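J.: Right, I'll just put the structure down here and ask away after.
Numbering (full-length UniProt numbering), first residue to last: 1 to 243.
Here it is in structure tokens:
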């Protein structure tokens, strides 16, 4: 995947990091915008879209978590891939970011090369999700998922915002309805690598998707846990062209 014309918006209050990443990613062909605080980030994203955003957790005016939540509610940029940067070794910070809709995180200090690899992986996943046949909609249970726009609608008309990770996991289940998917399959399809112990990644991702799908019964009705084996989408899936 070419990085030419792909735009990145970075917020970090460390001027040295901003300048380093601006230079490094620009040399790799990305169009980079940087800002030192949350207010500047909000203004920049409203002024023009980005293909990916990078959020530092610790900022002078507000934290990256609130910005992540704001992006996921943005009228035009709700589906943009998000990478969070954290100087904290506390796993709880990373879990919070992922639960709020971040697609990946990177602990400080990190190498620009590693960040670039993460960026390219997320952009590839976003591009793959857009390469479905034109206008395809997948209907299951009381839901309809537009595979082009990544918009998920309930039968009552509510639209649910999906992060890139949410969409990748839901797409995996919809591609394999009624099949039992083990944790390795889910982890590889949604992350492609380990961020924390694999079981924790998968269980957290499934729990978040269940919340999106209102699948909160005990036991869950739609995405079933198959003890010792993995998870199963207990619904039929019907594809159509258009709404």
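Ideal placement from N, C-alpha and C gives every residue a C-beta, glycine not left out.
Every value quoted in this text rests on a predicted model; they were computed, and no experiment measured them.
Does the separation of the CB atoms of residue 107 and residue 82 fall below 8 Å?
T.: Here residue 107 is taken as the residue at index 107 of the chain shown, counted from 1. Here residue 82 is taken as the residue at index 82 of the chain shown, counted from 1. No. Outside cutoff.
J.: Can you say whether residue 72 is buried or exposed, counting buried as having 16 or more other CB atoms within 10 angstroms of its CB?
T.: Numbered from 1 along the chain shown, position 72 holds the residue referred to as residue 72. Classification for residue 72: buried.
J.: Starting from the N-terminal side, write out each stretch of the beta strand (DSSP E) that is 3 residues or longer and does not extend beyond the region 98 to 178.
T.: Taking only runs of at least 3 residues, the beta strand (DSSP E) segments lying wholly in the region 98 to 178 are 104 to 107, 136 to 140, 143 to 146, 152 to 154.
J.: Answer with buried or exposed for residue 133, where buried requires no fewer than 16 other C-beta atoms within 10 angstroms of its C-beta.
T.: Counting from 1 along the chain shown, the entry for residue 133 is found at position 133. The predicted position of residue 133 is uncertain, since its pLDDT is 43 and thus under 50; a value taken from the coordinates is nonetheless stated next. Result: exposed.
J.: Use the C-beta contact count for residue 64: other C-beta atoms within 10 angstroms, 16 or more gives buried, fewer gives exposed.
T.: Translated into positions along the chain shown, residue 64 becomes position 64. Result: buried.
J.: If the criterion is Cβ atoms closer than 8 Å, does the pair residue 20 and residue 109 meet it?
T.: The residue labelled residue 20 in the question sits at position 20 within the chain shown. The residue labelled residue 109 in the question sits at position 109 within the chain shown. Cβ distance not < 8 Å, so residue 20 and residue 109 don't count as in contact.
J.: Around the C-beta of residue 56, are 16 or more other C-beta atoms found within 10 angstroms, so that it is buried, or is it exposed?
T.: What you label residue 56 is simply residue 56 of the chain shown in a count that begins at 1. Under this definition residue 56 is a buried residue.
J.: Distance, Cα to Cα, residue 144 vs residue 209?
T.: As a working note, residue 144 is residue 144 in the chain shown. As a working note, residue 209 is residue 209 in the chain shown. Rounded to whole angstroms, residue 144 to residue 209 spans 15 Å at the Cα level.
J.: Return the chain-ordered list of same chain residues with a C-beta closer than 8 Å to the C-beta of residue 8, the five sequence neighbours on each side being excluded.
T.: The residue labelled residue 8 in the question sits at position 8 within the chain shown. Correct list, in chain order: 25, 30, 31, 32, 33, 50, 51, 52, 53, 54, 119.
J.: Could you pull out every residue in the same chain whose Cβ sits closer than 7 Å to the Cβ of residue 141, ignoring the five residues on either side in sequence?
T.: Along the chain shown, one-based indexing puts residue 141 at 141. The residues are 222, 235.
J.: Return the residue from the list 44, 45, 176, 181 that minimises the CA-CA distance to residue 138.
T.: Along the chain shown, one-based indexing puts residue 138 at 138. Selected option, being the one with the closest Cα: 176.
J.: Residue 39 by DSSP, collapsed to three states: which one?
T.: By one-based count along the chain shown, residue 39 stands at place 39. DSSP places residue 39 in helix when its eight states are reduced to three.
J.: Mind checking whether residue 164 and residue 205 have CB atoms under 8 Å apart?
T.: For this step, residue 164 is matched to residue 164 along the chain shown. For this step, residue 205 is matched to residue 205 along the chain shown. Not in contact: residue 164 and residue 205 (Cβ atoms no closer than 8 Å).
J.: Taking the C-alpha atoms as reference points, what is the distance between residue 44 and residue 179?
T.: Your numbering for residue 44 matches position 44 in the chain shown. Your numbering for residue 179 matches position 179 in the chain shown. Between residue 44 and residue 179, the C-alpha separation is close to 43 Å.
J.: Here's a check: name, in chain order, each residue in its chain whose Cβ is nearer than 8 Å to the Cβ of residue 87, leaving out the five neighbours to either side.
T.: By one-based count along the chain shown, residue 87 stands at place 87. Closer than 8 Å at Cβ, skipping near neighbours: 57, 58, 107, 108.
J.: Where does residue 210 fall in DSSP's three states?
T.: If you number the chain shown from 1, residue 210 lands on position 210. Three-state result, residue 210: helix.
J.: For residue 84, write down the residues that DSSP places opposite it in a beta bridge.
T.: Counting from one through the chain shown, the residue named residue 84 turns up at place 84. In DSSP, residue 84 forms a bridge with 55, 105.
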